[in-house]
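Under our numbering, read the sequence shown as residues -16 to 319, first letter to last. Note that CB positions come from ideal geometry on N, CA and C, so glycine has one too.
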Amino acid sequence: QQLQQEIEGYQILDASELEAFKLEFTVRKGKIAGLFGQLKTVDAADRPRMGQLLNALKLSAEARVADAESRFAQNAQSAAPALDLSLPGRRSFLGSEHPVQKVLGDMKRIFTAMGFGIATGPELELDEYNFERLNFPPNHPARDMQDTFFITRGDAEGDVLLRTHTSPVQVRVMLDQKPPIRVICPGKVYRNEAISARSYCVFHQLEGLYIDKNVSFADLKATIYSFARQMFGSDVKLRFRPSFFPFTEPSAEVDVTCYLCGGKGCRVCKKSGWLEIMGCGMVHPNVMKHCGIDPEEWTGYAFGMGVDRTALLRYKIDDIRLFFENDVRMLSQFMA
Ligand code: PHE
């Protein structure tokens, strides 16, 4: 009876008072538990009635705890700072696709629509994949420090370097898969060249490889024509100039009519009316042999183009270095 009054009269205004209340009444060693403990000393006849009384006592104490806890929770909410509707809204920043990725995306779409798969590989490569299996003789000038960033030289697996083209990805594909093979290899490549508005130590390439039975130079030309019309417009003209690469024979460089002046001659094409867009050729038999493919049974073509210069021309940007500075003032101009 007295305890009932004590419980009801107890002032619970804050968390520490609540804690004290719990300690006094409801914990395992509190007053109510104590009374429950004494129950066995009570006359057996009175025991059920006393038990009921004690249960009621316990319930009312628990009700006070629950009530205090919900009051405190409400107070905590109303104490939070009010929402100030007069404040200006926070601007949310949306990223934009990098211009190089936009051009690369167009190129990928054109080739995947023709049935090419996409293959990627490591940017840190072994000499074996970047040069050796691609038929570069041991003393080829491209292996020189002038062009290649070597990371470690002459350990057990051979030189480790930053790939200078994405052709090593094609080597990996040939070693990995049986022909027919039809892949493009997009990615970053690295060259230790003098840095200027037109060339940077990093840039992007997209190379392609097609190996099947009876693939000819005519197939290569048709593929490049189809690509160029979709990429640069249906009225572009192409020019295949004989060239040399260790991994293709015969080899060619491909020019398109300058799509800025329509072939009349301007500052960008240096008055020639032509822009060089890629290297290509028929896969050299030695490369096939180095990659486990029989050149008597299979033939193929390969091509490789730079992405960044096309992006420069398309968006009329005059310095390639802007592509690698990640300045949002530049990048945010390519939202659309
Ligand atoms: N790998 C060459 C380069 O980086 C491009 C190329 C690829 C040329 C395939 C011919 C055939 O310059």
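### Query
Where are the beta strand (DSSP E) runs, 3 residues long or more, that stay fully inside the region 136 to 195, in chain order?
If one requires a minimum length of 3 residues, the beta strand (DSSP E) runs lying completely within the region 136 to 195 are 141 to 145, 164 to 173 and 185 to 195, in chain order.
### Message
Please state whether the Cβ-Cβ distance between tyrosine 284 and valine 270 is less than 8 Å.
### Response
Result no, Cβ atoms of tyrosine 284 and valine 270 do not sit closer than 8 Å.
### Query
Who are tryptophan 281's beta bridge partners in DSSP?
In DSSP, tryptophan 281 forms no bridge with anything.
### Message
So, for aspartate 301: in the same chain, excluding its five sequence neighbours on each side, which residues have a beta-carbon less than 8 Å away from its beta-carbon?
### Response
Closer than 8 Å at Cβ, skipping near neighbours: Ala180 and Leu295.
### Message
Measuring only from the beta carbon, is arginine 190 closer than 7 Å to any heavy atom that is part of ligand 1?
### Response
Checking the displayed sequence, the identity of residue 190 turns out to be glutamate instead of arginine. Yes, Cβ of glutamate 190 sits closer than 7 Å to a heavy atom of ligand 1.
#### Entry: Endpoints, alpha helix (DSSP H) assigned at threonine 293
Looking at the DSSP string, the run of the alpha helix (DSSP H) that includes threonine 293 is 291 to 297.
### Query
If you draw a straight line from the alpha carbon of leucine 1 to that of glycine 78, how long is it in whole angstroms?
In this structure, the straight-line span from the alpha carbon of leucine 1 to that of glycine 78 is close to 51 Å.
### Message
Just to confirm the assignment: which complete beta strand (DSSP E) runs, minimum length 3, are found wholly within the region 202 to 270?
### Response
For secondary structure counted as the beta strand (DSSP E) over 3 or more consecutive residues, the region 202 to 270 holds these complete runs in sequence order: 221 to 228, 231 to 240 and 257 to 266.
### Task
Return yes when the Cβ of glutamine 153 is within less than 8 Å of the Cβ of leucine 192, no when it is not.
Contact: yes.
### Message
Between cysteine 263 and ligand 1, is there a pair consisting of the residue's CB and a ligand heavy atom that are separated by less than 7 Å?
### Response
Checking every heavy atom of ligand 1 against the Cβ of cysteine 263, one is found closer than 7 Å.
### Message
For glycine 71 and valine 86, I'd like the C-alpha separation in whole angstroms.
### Response
Looking at the sequence shown, residue 71 is not glycine but proline. Looking at the two C-alpha atoms, the distance is approximately 38 Å.
### Query
What is the C-beta distance between leucine 144 and asparagine 113, in whole angstroms, given that I count them as a contact (C-beta under 8 Å)?
So it is a contact: roughly 6 Å between Cβ atoms.
### Task
Go through its chain and collect everything with a Cβ distance to cysteine 252's Cβ below 6 Å, but skip five positions before and after it.
Sequence-distant Cβ neighbours of cysteine 252 in its own chain, meaning closer than 6 Å and more than five residues away, are Cys241 and Leu258.
#### Entry: Assigned exposure category for phenylalanine 227 - 16 Cβ within 10 Å defines buried
With fewer than 16 other Cβ atoms within 10 Å, it is exposed.
### Task
Compute the minimum distance between the beta carbon of serine 234 and the heavy atoms of ligand 1, and state whether it is under 7 Å.
Between ligand 1 and serine 234, a heavy atom-to-CB distance of less than 7 Å is present.
### Query
Say the cut is 7 Å; is the CB of alanine 285 nearer than that to a heavy atom of ligand 1?
Yes; taking the cut-off as 7 Å, the Cβ of alanine 285 has a heavy atom of ligand 1 nearer than that.
### Query
Which of helix, strand or coil does DSSP assign to phenylalanine 8?
The answer is helix: DSSP assigns phenylalanine 8 an H, G or I state.
### Query
Which value, in whole angstroms, describes the spacing of the CA atoms of lysine 5 and tyrosine -7?
Cα to Cα, the separation comes out at about 11 Å.
#### Entry: DSSP state of glutamate 308 mapped onto helix, strand, coil
If DSSP states are grouped into helix, strand and coil, glutamate 308 belongs with coil.
### Task
Check phenylalanine 94 in the structure and name its three-state DSSP category.
Phenylalanine 94 falls in the helix class under three-state DSSP.
### Query
Cβ atoms of valine 198 and glycine 100: under 8 Å apart, would you say?
Result no, Cβ atoms of glycine 100 and valine 198 do not sit closer than 8 Å.
#### Entry: CA nearest to the CA of cysteine 168, picked from Ile207, Gly104, Arg136 and Arg146
In terms of CA proximity to cysteine 168, Gly104 leads the group Ile207, Gly104, Arg136 and Arg146.
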